[in-house]
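Novice: Structure in structure tokens, see below.
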Amino acid sequence: MNVWVTRTEPGSTRLSQQLVKAGYGVYPAPVLSVEALPLGDLDGSDFALCIVLSGHALHAVPRDCATYLAVGEATRRSLEAMLGVEVLVPEEQSSEGVIRWLSAHNVPSVVLVTGRGGRGLIQEKLLTLGVRHVVREAYARKFLTPEVKIAQIGAIEAASGDGVRQAATVWFAAGGDAGVPVLVPSTRVGEIAADAGFRKVVICAGASPEDVLQALAATGLANDG
Numbered sequence: 514m515n516v517w518v519t520r521t522e523p524g525s526t527r528l529s530q531q532l533v534k535a536g537y538g539v540y541p542a543p544v545l546s547v548e549a550l551p552l553g554d555l556d557g558s559d560f561a562l563c564i565v566l567s568g569h570a571l572h573a574v575p576r577d578c579a580t581y582l583a584v585g586e587a588t589r590r591s592l593e594a595m596l597g598v599e600v601l602v603p604e605e606q607s608s609e610g611v612i613r614w615l616s617a618h619n620v621p622s623v624v625l626v627t628g629r630g631g632r633g634l635i636q637e638k639l640l641t642l643g644v645r646h647v648v649r650e651a652y653a654r655k656f657l658t659p660e661v662k663i664a665q666i667g668a669i670e671a672a673s674g675d676g677v678r679q680a681a682t683v684w685f686a687a688g689g690d691a692g693v694p695v696l697v698p699s700t701r702v703g704e705i706a707a708d709a710g711f712r713k714v715v716i717c718a719g720a721s722p723e724d725v726l727q728a729l730a731a732t733g734l735a736n737d738g
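For the sequence shown, the numbering used here assigns the number 514 to the initial residue and increments by one for each residue that follows.
Structure representation (structure tokens):
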């Protein structure tokens with residue numbers, strides 16, 4: 514069974530390698546690409562917290578912030594390797610998890626490093642809390658329309674709301690079955706997948722390769738290549 518890996522690079526390659534090691538066939542064809550946006554330097558010492566929403570945003574992360582918070586484990590590891598400091602991760606690795614973290618901590622100032630065109634939930638929370646903050650839009654997403662051979666695909670992996678929407682556009686345009694298993698990292702993305710027309714949505718514990726592999730094993734999807 515081939516798993517269509519739709520997430521952006523370099524995550525697509527990392528996940529594909531882990532799936533192959535576990536015995537799964539892989540159909541890597543991202544439906545999104547990311548373009549880094551140029552930004553000037555920012556003095557991080559003026560801020561108590563830097564929130565980083567994606568590994569695509571590392572080039573825009575200021576140094577010398579008092580504390581760093583990453584949304585996911587992969588981003589945390591990349592930040593720690595780059596900065597040489599401990600990076601926190603919210604219990605729920607999502608924007609909602611970051612909002613709950615902010616509600617539980619008194620943070621006077623924040624740098625929010627994100628992508629252009631995101632949901633804006635964290636910035637809304639910062640405004641509600643009256644926190645002084647700066648938003649750094651570090652990258653822009655571009656939608657891709659890869660050619661997919663639907664007969665070779667037994668499951669679809671999508672790591673974001675935009676990703677699962679674009680995967681649905683490509684899949685159904687190619688005549689794909691709405692009952693194909695679609696693996697997503699959260700309930701929110703699962704709801705988007707269902708709205709896009711997918712009938713069999715599998716909620717993973719997160720977006721890491723380990724989370725995807727656990728979900729595949731739990732659903733009994735065969736790793737017969």
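Think of the CB as a built atom: it goes at the ideal place given N, C-alpha and C, for glycine as much as any other residue.
DSSP state of residue 654, grouped into three classes?
Specialist: strand
Novice: Who are the near neighbours of residue 627 in its chain, counting only those whose CB is closer than 6 Å to its CB and skipping five residues on each side?
Specialist: Beyond the five residues adjoining it in sequence on each side, residue 627 comes within less than 6 Å, by CB distance, of 566 in the same chain, given in chain order.
Novice: Does the Cβ of residue 640 have 16 or more other Cβ atoms within 10 Å, making it buried, or fewer, making it exposed?
Specialist: So residue 640 ends up on the exposed side.
Novice: Is there contact between the stretch 536 to 555 and the stretch 645 to 656, where contact requires at least three CB pairs shorter than 8 Å?
Specialist: yes
Novice: Does the stretch 708 to 715 touch the stretch 686 to 696, meaning 3 or more C-beta pairs lie closer than 8 Å?
Specialist: yes
Novice: Could you pull out every residue in the same chain whose Cβ sits closer than 6 Å to the Cβ of residue 576, ignoring the five residues on either side in sequence?
Specialist: 557
Novice: What are the uninterrupted segments assigned as alpha helix (DSSP H) that are 4 or more residues long and contained completely in the stretch 700 to 735, given in chain order?
Specialist: 700 to 708 and 722 to 732
Novice: To the nearest whole angstrom, what separates the beta carbons of residue 669 and residue 519, a pair I think is in contact under 8 Å?
Specialist: 7 Å
Novice: Can you grab the Cα-Cα spacing for the pair residue 533 / residue 722, in whole Å?
Specialist: Straight-line measurement puts the Cα of residue 722 at about 11 Å from the Cα of residue 533.
Novice: Give the DSSP-derived three-state secondary structure of residue 566 in the structure shown.
Specialist: coil
Novice: Kindly indicate the opening and closing residues of the beta strand (DSSP E) around residue 627.
Specialist: 622 to 628
Novice: Look up residue 527 in the DSSP assignment and say whether it is helix, strand or coil.
Specialist: helix
Novice: For the 8 Å Cβ check, are there 3 or more pairs between the stretch 701 to 708 and the stretch 683 to 690?
Specialist: The answer is no - the stretch 683 to 690 does not touch the stretch 701 to 708, with fewer than three Cβ pairs under 8 Å.
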